[in-house]
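In UniProt numbering, the protein residues as written are 1 to 84.
Yeah, the Cβ is synthetic: ideal placement off N, Cα and C, and Gly gets one too.
Please read these numbers as outputs of a predicted model, since none were measured by experiment.
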Amino acid sequence: MRLHLRITTMTSGALAKPQMRGLLAKRLRFHIVGAFAVSLGVAAFYKFAVAEPRKKAYADFYRNYDSMKDFEEMKKAGIFQSAK
């Protein structure tokens, strides 16, 4: 029994103490930075892959859009009940 205690005390003295404080803060700091980077990447991807082409498509459509011509076509088709 005594020999066993001596061996464990000798080996435990050689091992480094584990870090017990600040583990959650360190982990959260790492993951918050990662989440921020991922969110910036997704926002940039959405802006250039979805929003900009959509904005360009709307601008192209309304550049040559004639609302009166469209109204007359719908009127001839009989869509409106009040306009004859």
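Express the C-alpha separation of residue j and residue i in angstroms, rounding to a whole number.
| i | j | result |
| --- | --- | --- |
| Val38 | Asp60 | 32 Å |
| Lys75 | Glu52 | 34 Å |
| Ile79 | Phe71 | 10 Å |
| Leu23 | Ala44 | 32 Å |
| Lys69 | Gln81 | 18 Å |
Using a Cβ-Cβ cut-off of 7 Å, state whether residue i counts as contacting chain D.
| i | result |
| --- | --- |
| Arg29 | In the structure shown, chain D does not exist; there is a single protein chain. |
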